[in-house]
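Shown next, in structure tokens, is the structure this report addresses.
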Amino acid sequence: MSEQTTSGTQRITLGKAINLGLRRAMERDPKVLLMGEDIGPLGGVFRVTDGLQKDFGSDRVVDTPLAESGIVGTAIGLALAGYRPVCEIQFDGFIFPAYDQITTQLAKMHYRSRGKAQVPVVIRVPYGGGIGAVEHHSESPEALFAHTAGLRVITPATPADAFTMIQQAIASPDPVLFFEPKARYWDKADVDVTAADQVLDTPGDVRAVVARAGTDVTVAAYGPSVTTALRAATAAESEGTSIEVIDLRSISPIDIPAVAESVRKTGRLVVVHEAPTFLGAGAEIAARISEECFYHLEAPVLRVGGFHTPYPVSKLEEEYLPNLDRVLHAVDSVLQH
Amino acid sequence: MFTPGADGVNAPVGETDDDLIQLLTPDGERVHHQSYSPRVDHLDRVALEGLYRDMVLVRRFDTEATSLQRHGELGLWPPSLGQEAAQIGSGRAMAPRDYAFPSYRELGVVWTRGVDLRSTLHLFRGEDHGGWDPNEHNCHLYTLVIGSHALHATGYAMGVQRDGDVGTGDPGRDRAVVAYFGDGATAQGDVSEALTFASVNDAPVVFFCQNNHWAISEPTQRQSRVPLYHRGRGFGVPSVRVDGNDVLASYAVTAEALERARSGGGPTFIEAVTYRMGAHTTSDDPTRYRTRADEEVWRRRDPIDRMRILLEREGTPSEFFTGLENEAEQFGAEIRDYCHAIPSPPVERIFEDVYATEQAQISSDRAWLTDYLAGFEEAAS
Ligand SMILES: Cc1ncc(C[n+]2csc(CCOP(=O)(O)OP(=O)(O)O)c2C)c(N)n1
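Top to bottom, those sequences are chains X and B. Here the first sequence is numbered in UniProt numbering, starting from 1 and rising by one per residue. Here the second sequence is numbered in UniProt numbering, starting from 1 and rising by one per residue.
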């Protein structure tokens, strides 16, 4: 059924890595089921669920009606009945019809039942810009969900993380918003598709990692911006600046200790994300690091991110997105202090 | 009339042909219908030629836009190929004071509202989020979030009602609203809520659902176990099912529904049975979910072909058709030139119109970007 998952390391795209991770989770646990629009014969508009309905059947890979509130609301019920639903929301901008179910119900079920009701629902959301899409197809709404207690919000930046983190999300006893950096779906890297089971011992524990070590400036990023930060680090190196890149991987909770540890070493912090900086994840990190690392900081924490505007038309997204130059600009600014 | 495909994929569950309103068969034969035929009796040959011209030019635009996308001039395009009759028929039934709320495939409707079709390119070129002034044409912008605008249309209709522009008997005053959406959209909560609001308020709104058989890859049966027009009935909204590839029938049922709405009789739900001949959008691959044979069945029900047979039968001279072909070719060339010439917007556009009044947050973001970009210019000079 799944010869792809039986052997060693493969060079695959981030999208394929999620596909293999889903496949693995479904093989392991018959209670895992996928639900979403166009995820069956079409394999999803990004083909992330390609081939899964063929192998697992239409009871476990369900093409739902076109109704996001319905998808999440019924997933909550399925979870209460002992299933582990993994919902696909087709694009970031279409999660809002389900926003009510996610924030008023999914997030609070465990709390108000005093732990008696568990809702291990995963909601997969392709997010972020840079693919030249029309309105509602390039948004970064992660802060809205991170601001809601009871939800976990995680996002992989590499194919290897995509493969393990989707499995961790599914194994998590808590609801997880799994944001997939859609501009990186086609990025390829080596993934060990056989050796990742130990991560399931700590499914609720997705920590930040040092994606690249450095000594002069810390750049903390997540999802699509990690690649940008790594490119900035490579570019800066040729100018003699050593950037340490932290891939946060989880936005709620945020692994502040990991960022603090790096900042104690470098004394400088730039946070990068595509979402508007105003009340975004970077604002939280800047505040916490100012509190915890005040005497280590050589410069104010800077944020590089979206403006306080709706996501612009695609002809202007290059100017809107935190690109390599803007990250380097911020790095230069914190170094000038 | 509408026989399901061998695999049954074409047939919404519970479908019976008996309820389908049709005034023109795929063979171009007129069909008499006691209540609906009188609604098109006043259309003389010139008027029929006008409807035909509408469909031909809209199709020409659509094929041109599809090819512009293939050449990288547009980021995306949702083809309306095959749905011209539903759109032109319903759109031409509207009066100038009526108001349309389209979703994103309503090229024909937008045309009937007098919007320069070329404005639809801006959204899909990634250059604008809209493209025209909705108030100038009584035609709202495209809505991309499925089903949202069914509520907007209903609310607009409730406004019309409060303004007293319903049931006065004065054709210069009474108005109605039409909400356009697809078969998939009927599964959205917003559409159900719109039907509820319209029904309990007797709002002057017509819900025009184009059942083109697919919501991207999902057949209508994945959205509903009853024929879609029964949806309306469940909410207490009178509902009809019409052959959406028949421009005359589409015109007639919409005209009737608009008349009811304008006169204070409340909402109507129309299911126009049609077929999306092209891909969902240019990003889609329909070979993954439907067969050529299925498409072929529907090609034989083409809305433009059947109208042409009727016109030829009623004596339209061949010069009309060759003249129109030339006009369409010319139109195609204009569309290409126009599209190529659309300039990229200035970067300040990012910050324009976020709020109606200037806000500090926006001003400071704009100032930051302006300074930042100026830094590059300084470095270059
Ligand atoms: C709320 C929402 N969910 C998902 C989508 C993605 N999407 C765009 S079009 C579409 C299918 C729509 O089908 P239908 O309503 O039948 O209209 P059609 O495209 O066939 O005209 C989907 C799922 C969306 N635009 N909005």
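Virtual Cβ for every residue (Gly too), placed ideally from N, Cα, C.
For the 8 Å CB-CB criterion, B:Thr287 and B:Leu76 do not form a contact. For B:Leu51, no Cβ of chain X is located within less than 8 Å of the residue's own Cβ. Of the residues assessed, X:Pro85 falls on the buried side of the cut-off, its CB having 16 or more other CB atoms within 10 angstroms.
Within 10 angstroms of the beta-carbon of X:Ala67 lie 16 or more other beta-carbons, which makes it buried. For X:Cys87, the closest of X:Ala107, X:Ala81 and X:Val61 by C-alpha to C-alpha distance is X:Val61. As the crow flies, the alpha-carbon of X:Thr158 is around 19 Å from that of X:Ser252.
By the rule that beta-carbons nearer than 8 Å mark a contact, B:Pro345 touches chain X. Excluding the 5 residues flanking it on each side, B:Met94 has no same chain C-beta neighbour closer than 6 Å. Ligand 1 never approaches X:Glu298 closely enough for any of its heavy atoms to be under 7 Å from the residue's Cβ.
Distance from the CA atom of X:Leu22 to the CA atom of X:Gln198, rounded to whole angstroms, is 16 Å. At a cut-off of 8 Å between C-beta atoms, B:Gly184 counts as an interface residue with respect to chain X. With a cutoff of 8 Å on beta-carbon distance, X:Tyr295 and X:Phe307 are scored as not near each other. Using a Cβ-Cβ cut-off of 7 Å, X:His337 is close to nothing in chain B; its nearest Cβ partner there is about 18 Å away. CA-CA distance, B:His71 to B:Pro343, rounds to 17 Å. Within the segment 36–60 of chain X, the runs of alpha helix (DSSP H) that reach at least 4 residues and sit entirely inside it are, in chain order, 52–56. Not flagged as an interface residue toward chain B: X:Lys182, since no C-beta distance is shorter than 8 Å. Using a Cβ-Cβ cut-off of 8 Å, B:Gly75 counts as an interface residue toward chain X, since at least one Cβ of chain X sits closer than that to its own. B:Arg299: member of the alpha helix (DSSP H) spanning Arg292 to Arg299, first to last residue.
For B:Asp165, the closest of B:His137, B:Val205, B:Val145 and B:Leu141 by C-alpha to C-alpha distance is B:Val205. Taken through DSSP and simplified to helix, strand or coil, X:Ile89 comes out as coil. Taking 8 Å as the threshold, the shortest C-beta distance from B:Gln330 to chain X does not fall below it. Listed by position in the chain, the residues whose beta carbon lies within less than 7 Å of some heavy atom of ligand 1 are X:Glu37, X:Asp38, X:Leu66, X:Glu68, X:Gln90, X:Phe91, X:Phe94, X:Pro97, X:His136, B:Pro78, B:Ser103, B:Arg105, B:Leu144, B:Val145, B:Ile146, B:Gly147, B:Phe181, B:Gly182, B:Asp183, B:Gly184, B:Ala185, B:Gln188, B:Gln210, B:Asn212, B:Trp214, B:Ala215, B:Ile216, B:Arg276 and B:His280. Rounded to the nearest angstrom, the gap between the Cα atoms of B:Ala179 and B:Thr143 is 11 Å. A distance of 8 Å or more separates the beta carbons of X:Gln53 and X:Gly36.
Put simply, the backbone Cα of X:Pro276 is about 60 Å away from that of B:Gln34. No Cβ of chain X is located within less than 8 Å of the beta carbon of B:Phe269. Note on X:Gly43: 16 or more other CB atoms within 10 angstroms of its CB, so buried under the neighbour-count rule.
Membership of B:Ala100 in the beta strand (DSSP E) is indicated by the continuous run Tyr99 to Phe101. B:Gly189 is the residue among B:Asp170, B:Gly189, B:Glu136 and B:Thr112 whose C-alpha sits nearest the C-alpha of X:Ser69. Nearest C-alpha to B:Leu57 among B:Tyr251, B:Val354 and B:Gln87: B:Gln87. The way I'd put it, the segment 40–52 of chain B does touch the segment 299–316 of chain B; three or more beta-carbon pairs between them come closer than 8 Å.
With its beta carbon at least 8 Å from every one in chain B, X:His273 lies outside the interface. With a cutoff of 8 Å on beta-carbon distance, X:Pro65 and B:Gln223 are scored as near each other.
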